[in-house]
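As structure tokens, the structure follows; a few thoughts come after it.
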Amino acid sequence: MNQQNNRLKSRTPHNGDAAYYVLGYLEQAFPIHAQKLVEIDGNMVAEPLRDETGALVVSREALALRDAAMMELMTLAPIPSALDQILWALGDEAVAEVTGRSIRPLKAEDGHLFIEKRAASSNSSETQAFMDGEKDILIFSDAGGTGRSYHAAQTAKNQKRRRHYLLEPGWRADAAIQGLGRTHRSAQVSAPFFRVCTSDVHGEKRFTSTIAKRLDQLGALTKGQRETGSQGMFREEDNLESPIARAALRGYFADLAAGRAEAMSYESFTDWTALRLIDKDGVLLEELPPIQRFLNRVLALPIHMQNALFAEFMRRIADQTERARAAGTLDLGVETLRGEKIEQVSTEDLWTCPKSGAVTRIIGLEVTDPVHVLWAEEAISRNPDKLPMINRASGRAALISARPMQMYDEDIVTLMRKAVRPNGSSYLEEARFESSAWEDIGRPEFAGLWDTEAASLPKTTTTKLYLLTGLLLPIWKDIPTTNERIYRVTPDGATAMIGRTLSEEGAAALRARFLVSNPQTPQEMLTAALGTTAPVDLGRGLTLTRRRVAGEMRLELGGADRGMIEGLKAMGCFTEIIAFQLRVFLPHGDGIDAGSILARIVGQGAARAAEQAA
1 MNQQNNRLKS RTPHNGDAAY YVLGYLEQAF PIHAQKLVEI DGNMVAEPLR
51 DETGALVVSR EALALRDAAM MELMTLAPIP SALDQILWAL GDEAVAEVTG
101 RSIRPLKAED GHLFIEKRAA SSNSSETQAF MDGEKDILIF SDAGGTGRSY
151 HAAQTAKNQK RRRHYLLEPG WRADAAIQGL GRTHRSAQVS APFFRVCTSD
201 VHGEKRFTST IAKRLDQLGA LTKGQRETGS QGMFREEDNL ESPIARAALR
251 GYFADLAAGR AEAMSYESFT DWTALRLIDK DGVLLEELPP IQRFLNRVLA
301 LPIHMQNALF AEFMRRIADQ TERARAAGTL DLGVETLRGE KIEQVSTEDL
351 WTCPKSGAVT RIIGLEVTDP VHVLWAEEAI SRNPDKLPMI NRASGRAALI
401 SARPMQMYDE DIVTLMRKAV RPNGSSYLEE ARFESSAWED IGRPEFAGLW
451 DTEAASLPKT TTTKLYLLTG LLLPIWKDIP TTNERIYRVT PDGATAMIGR
501 TLSEEGAAAL RARFLVSNPQ TPQEMLTAAL GTTAPVDLGR GLTLTRRRVA
551 GEMRLELGGA DRGMIEGLKA MGCFTEIIAF QLRVFLPHGD GIDAGSILAR
601 IVGQGAARAA EQAA
């Protein structure tokens with residue numbers, strides 16, 4: 001081994017000699033000293049083991065492992081860099097290289113390599129060749145790209161749209177952002193098309209995540225829009241250091257400790273990463289390892305383990321992001337509402353500022369979108385971690401997670417299973433799943449049920465929503481919804497507008513607060529009840545009050561005596577015993593005409609009052 005070390009020290013590094021640095025790192029940083037376990041304050045910690053003279057004790061086993069690793073690296077064939085491979089594949093006649101290196105290996109027509117010396121002015125001449133259209137491909141590095149512009153400038157001969165691929169971004173997000181700015185500048189004919197390139201080693205997401213985080217911050221600071229900084233290169237789930245990713249990691253830690261993770265067991269996880277998640281009593285630690293430490297430890301795993309762990313963790317982030325987007329709690333800045341057809345169907349003035357005269361309006365919109373249907377084979381291939389199942393009660397098929405996963409929704413911890421259906425996905429609480437009629441089914445029967453339902457689905461779907469636009473800040477706290485997504489909308493044949501989206505219930509609640517002061521008609525009574533928690537008088541001693549029951553919003557009929565209950569149920573109401581008390585509720589929501597039911601209740605009361613007066 002001493003001869004190997006001497007050969008290593010005699011070598012001099014040159015451009016692209018990665019083996020030199022890896023071998024040097026192994027020689028200097030590989031842990032070869034023995035350790036001993038010492039208990040401090042009830043915790044076992046490792047300390048270096050020393051002999052009677054105070055010198056560190058070398059572990060022969062660790063030394064043999066280091067020497068074997070260095071020997072194996074020395075026998076590996078050199079791997080060409082990405083830069084050289086691109087040059088060899090496409091030819092230096094088509095590729096402009098702006099990297100600043102003075103020599104480079106090129107391939108002759110017969111396949112032999114030769115060294116080309118480059119002049120100091122090569123960076124300038126190569127840049128000009130690309131901007132003049134003489135070379136269609138440009139490769140630049142941090143060193144070669146400083147102070148230069150490669151955008152589709154109006155003054156350049158080459159005005160083709162740039163397709164900018166970010167390769168080997170490294171750790172420094174600021175350098176990557178600076179490089180992206182070389183092809184995206186003012187006075188350009190067209191904006192560039194950005195793409196981040198990664199290999200099938202999932203650990204690379206650790207590096208691109210840092211850039212995604214910085215670009216998100218840049219967009220928030222400059223324009224108040226996430227898409228401004230990232231230019232659409234990254235999805236929300238690509239940022240591995242976001243609050244959603246942290247919540248997903250905490251849930252994943254809990255599943256690892258409980259044995260619900262598929263990638264590896266808890267024992268293997270702690271053995272490979274040295275991360276402890278539970279205390280001596282088997283309870284999940286309050287202070288879990290931070291996400292940066294988790295990501296760095298995963299990078300040290302073998303590739304197959306790294307990929308399995310990262311893939312499972314990324315699915316958790318995607319699921320957590322999907323739930324946050326559906327709940328309206330995902331902070332995306334200003335979004336553009338898209339649809340195959342967006343039609344403005346109503347306009348209603350809600351409130352006028354007495355000082356400025358500015359108006360707040362509710363705009364009714366109908367958004368038509370195509371229905372994206374997955375067929376059975378495609379659905380199974382996209383969801384390899386889910387099981388084909390059938391609900392024997394309804395006869396419907398779905399792909400459901402083989403194991404439950406712990407999810408966080410505003411600090412509420414729930415065990416969930418994801419269910420994929422032909423027209424979308426949803427989440428089932430573990431308790432509800434266990435008590436449901438879902439059971440395993442064979443692939444042929446599953447495919448038949450799935451494809452039959454997929455074929456029967458409509459080709460388009462139309463969603464009714466409302467946009468609150470105009471002056472919003474004075475009434476912001478009065479908007480009765482937790483969905484704070486801001487949209488930019490351009491309806492067909494109308495001008496663009498920006499505002500906050502509302503559900504039909506949210507719009508009704510706002511009308512009740514600002515437009516309905518003394519409700520008279522059944523519809524006004526319903527609107528007033530949805531907009532406030534104060535009881536609305538229906539006559540005959542009946543009141544209608546908005547209440548939260550078992551986590552959901554309901555409309556409760558108060559004042560009903562024993563003789564009224566059967567009549568109210570016959571008109572469409574329902575009853576429920578809560579805390580040993582019989583309560584009556586007015587149904588409402590999608591597909592339920594609550595206004596008609598309330599009209600029958602109010603109308604019958606008015607008829608009885610007229611009979612009594614006669």
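Position 276 of the sequence shown, counting from 1, maps to 276 under the UniProt record's numbering, and the rest follow consecutively.
For each residue, glycine too, the CB sits at the ideal point set by N, CA and C.
Predicted, not measured: the structure shown is a model, and the values here were computed from it.
- Which parts of the segment 509–579 are runs of the beta strand (DSSP E), unbroken and 3 residues or longer, counting only runs that do not cross its ends? 536–539, 542–549, 552–558, 574–578
- Through-space distance from residue 502 to residue 522, alpha-carbon basis: 22 Å
- Item | Strand pairing of residue 292, partner residues [DSSP] | Its beta-bridge partners do not exist; DSSP assigns none.
- Query: Out of 389, 493, 412, 414, which has the shortest C-alpha to C-alpha gap to residue 422?
  - Reply: 389
- Going by CA-CA distance only, name the one from 554, 379, 474 that's closest to residue 451. 379
- Message: Quick check: is the beta carbon of residue 270 nearer than 8 Å to any beta carbon in chain C?
- Response: Considering every chain present, this structure includes no chain C. It has just one protein chain.
- If you draw a straight line from the alpha carbon of residue 442 to that of residue 383, how long is it in whole angstroms? 16 Å
- Taking the beta strand (DSSP E) that residue 581 falls in, what are its first and last residues? 581–586
- Query: Rounded to a whole number of angstroms, what is the C-alpha to C-alpha distance between residue 286 and residue 318?
  - Reply: 24 Å
- Query: Taking C-alpha atoms, which residue in 527, 175, 584 lies nearest to residue 556?
  - Reply: 584
- Task: Go ahead and pull the three-state DSSP assignment for residue 317.
- Result: helix
- Pairing CB atoms from the segment 190–201 with CB atoms from the segment 157–166, are three or more of them under 8 Å? yes
- Beta bridge counterpart(s) of residue 413 as assigned by DSSP: 408
- Query: Between 577, 588, 571, which lies nearest to residue 603 when the distance is taken from Cα to Cα?
  - Reply: 571
- With C-beta atoms as the reference, is residue 386 less than 8 Å away from residue 400? yes
- Task: Below 7 Å CB to CB, which residues in the same chain sit around residue 595 once its five sequence neighbours on both sides are set aside?
- Result: 522, 523, 526
- Task: Check whether the Cβ atoms of residue 430 and residue 416 sit closer than 8 Å, and answer yes or no.
- Result: yes
- Could you give the distance in angstroms between the alpha-carbon of residue 45 and the alpha-carbon of residue 62? 19 Å
- Message: Closest to residue 309 by C-alpha separation, out of 209, 339, 203, would be which residue?
- Response: 203
- Query: Touching or not, the segment 459–471 and the segment 353–369, by the rule of three or more beta carbon pairs under 8 Å?
  - Reply: yes
- Kindly indicate the opening and closing residues of the alpha helix (DSSP H) around residue 369. Here residue 369 belongs to no alpha helix (DSSP H); instead the beta strand (DSSP E) covers 359–370.
- Quick one: what does DSSP say residue 375 is sitting in, helix, strand or coil? coil
- Message: Check for me: the alpha helix (DSSP H) holding residue 467 runs from which residue to which?
- Response: First-last for residue 467: 460–470, but that is the beta strand (DSSP E), not the alpha helix (DSSP H).
- Message: Please classify residue 12 as buried or exposed, where buried requires at least 16 neighbouring CB atoms within 10 angstroms.
- Response: Per-residue confidence for residue 12 stands at a pLDDT of 38, beneath the threshold of 50, marking its modelled position as unreliable; the derived number appears in the next sentence. The residue in question, residue 12, is exposed, as its Cβ has fewer than 16 Cβ neighbours within 10 Å.
- Quick one: what's got a C-beta closer than 6 Å to residue 514's C-beta in the same chain, skipping five residues either side? 350, 351
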